[in-house]
Amino acid sequence: MIYLDHAATTAPRREVLEAMWPWLTHEFGNASSHHERGQRAARALDDARERVAAVLGARPGEIIFTSGGTEADNLAVKGIALARRERQPGRNRVLISAIEHDAVLESARSLAQFDGFTAAELPVDGSGFVSPGILRAFLTDDASRPGALPSAGALPRHPKTAGAGEPVVANASGTAGSDSVAMASVMLANNEVGTVQNMSALAEVAAEFGVPLHTDAVQAAGTLPLRVTDLGVSALTLAGHKIGTPQGVGLLWVKRGTPLRSLMSGGGHERGRRSGTSNVAGAVGLATALELAERERKEYTARVAALRDRLIDGILGAMPGTLLTGPDPRKTVNLQETGVAANATAKGTHVTDPDSADIAAGASAATATAAASASAGLNGNTRLATNASFCFPGVNGETVLVDLENQGVLVSSGSACATGSSEPSHVLTAMGVPAEVATTSVRFSLGRETTENDIDTAIRATAQIIAELRS
């Protein structure tokens, strides 16, 4: 079988499993125990935290180990929003992009439904980019004027959790402007269409207004730089199984000084931020996988990006009428046209509470990175090197998946975390793809083991299936 669904999960790496093995067998101590076996586990946990922090350019104390990306996203969105409102009751708004992973989308929806927040989406363009200008508008009074942002709106109902006519935004009270925003979240790289945001530009805007910006970087690990000082964000999520650990371990990095409420009651693990017996083996595995991914990143990205472009050229060339969803990595992108241009000169930091000074402290580094990106121009880095996604109008996407599997090619229709839903992808519809076209989507996601032969086989199989379905 040819596995082209690496965005869903990857095979555990041998080096990772070997690093984890002692902590799964004879070194099985609880890191909270005071005897020697427990203390050896504690030292291994501290070592893993330091190794992760070194890759991210962070402090070890800022790393929180979790059970995966979903838990980390929940802790970031809910934990930061609730903590910020506790300090300033007027901060009752959360902003997320319209193409977020369900873990972020549902966290924002939960805050609106159960905690009295207002949750709003930041609209994207046809390639999935969030404009810094849109973020700025939502952080000022511009977003409160009727008709000012016709494409923006409340979070849509989710087919799994909302009934007909049920409002998604449970509480629409509160004033507009940055003083009412508790936090914002924009994913670094999209899991369905591969769009890579100019995060430093977005972070600069958020920092200017003293608003913590979280980014879900789960899909970015292994192909994009992850140093948090360059990204300029206040919180970042990673999941181990996307880079070669077994499923069940992830992390949340939270910049020192960013308020965070724990969502788990218990023994006060992870410095009181995430209770629960420490997964020492998982933390060791995640540190190992992250180091390997960063060490190999440049060479791996160049190789797999060439395969991605070979796949895109082959699919589009063999099947007229096929739609490439997300940015076209073969074309140079004009930053101004996509709305991703950096606002390289801040107009002054609006310090309205003590937290804002910490948030703004990272703006200088983010500004420098954004300016460099603007001068160089974005090219293939606007799309994940591992992602190629298409819509095949006139055919059923699920049928294509089944037929490809019958021919030995494993792909998906989008997020593996949204299986069971017959609704069109919220990512594609947010990008302006008609619902009837969005249901024809197929995502190919490449990995370390992908070869040219795999790509050529996938192209031939897809072309044959589409031709038969359209005949």
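Quick note: the sequence shown uses our numbering, first residue 1, plus one each step. Glycine included, each C-beta is placed from N, C-alpha and C at the ideal position. Values in this document were obtained by computation on a predicted structure and should not be read as measured data.
Counterpart residues of residue i in DSSP-defined beta bridges
i	result
L384	DSSP, once it has assigned bridges, lists no residue as partnering L384.
T118	R93
W253	I63, L236
I2	V409
F392	Bridge partners of F392: none, in fact.
F444	A388
A189	V196
DSSP-derived helix/strand/coil call for residue i
i	result
T215	strand
L324	strand
A83	helix
A438	helix
P182	First, the residue type needs correcting, since residue 182 is Ala and not Pro in the sequence shown. A182: strand per DSSP, three-state reduction.
G210	coil
L231	helix
A7	coil
K78	helix
V124	coil
V433	coil
A103	helix
P246	coil
M20	helix
T25	coil
Q113	helix
Residue i burial status per 10 Å Cβ neighbour count (16 or more: buried)
i	result
R136	buried
R43	exposed
S373	With a pLDDT of 37 at S373, under the threshold of 50, the modelled position of this residue cannot be trusted; read the value that follows with caution. It is buried - the Cβ of S373 has at least 16 other Cβ atoms within 10 Å.
H35	exposed
D454	buried
P225	exposed
T118	buried
M431	buried
F129	buried
P259	buried
P434	exposed
E50	exposed
M183	buried
Run of the alpha helix (DSSP H) containing residue i, from where it starts to where it stops
i	result
V284	280-318
D477	Since the first residue of the chain shown is 1 and the last is 471, residue 477 is not available in this structure.
P132	132-138
E270	269-272
T429	426-430
T223	Here T223 belongs to no alpha helix (DSSP H), and DSSP marks it neither H nor E.
N453	452-470
Contact between the segment 208-225 and the segment 402-410: three or more CB pairs below 8 angstroms? Fewer than three beta-carbon pairs drawn from the segment 208-225 and the segment 402-410 are found closer than 8 angstroms, and the two stretches are therefore not classed as touching.
Do the segment 84-99 and the segment 387-395 touch if we need at least three Cβ pairs shorter than 8 angstroms? Between the segment 84-99 and the segment 387-395 there are fewer than three inter-stretch CB-CB distances shorter than 8 angstroms, so the stretches are not counted as touching.
With a threshold of 8 angstroms, are at least 3 pairs of Cβ atoms found where one atom belongs to the segment 7-23 and the other to the segment 286-294? With a cut-off of 8 angstroms, the segment 286-294 and the segment 7-23 count as touching, because enough Cβ pairs lie within range.
Are three or more beta carbon pairs between the segment 102-112 and the segment 252-269 nearer than 8 angstroms? No, they do not touch.
Are the segment 47-55 and the segment 309-324 touching, with three or more C-beta to C-beta distances below 8 angstroms? Segments in contact, no.
Can you confirm whether the segment 176-196 touches the segment 224-235 when touching is taken to mean that 3 or more C-beta pairs between the two stretches lie within less than 8 angstroms? Enough Cβ pairs lie closer than 8 angstroms, so yes.
Stretch-stretch touch, CB-based, cutoff 8 angstroms, three pairs: the segment 197-204 with the segment 21-32: The segment 197-204 makes no contact with the segment 21-32; the number of CB pairs closer than 8 angstroms stays below 3.
With contact counted as at least three CB pairs below 8 angstroms, one residue from each stretch, are the segment 298-317 and the segment 443-454 in contact? Contact check between the segment 298-317 and the segment 443-454: three or more CB pairs, one atom from each, fall below 8 angstroms, which counts as touching.
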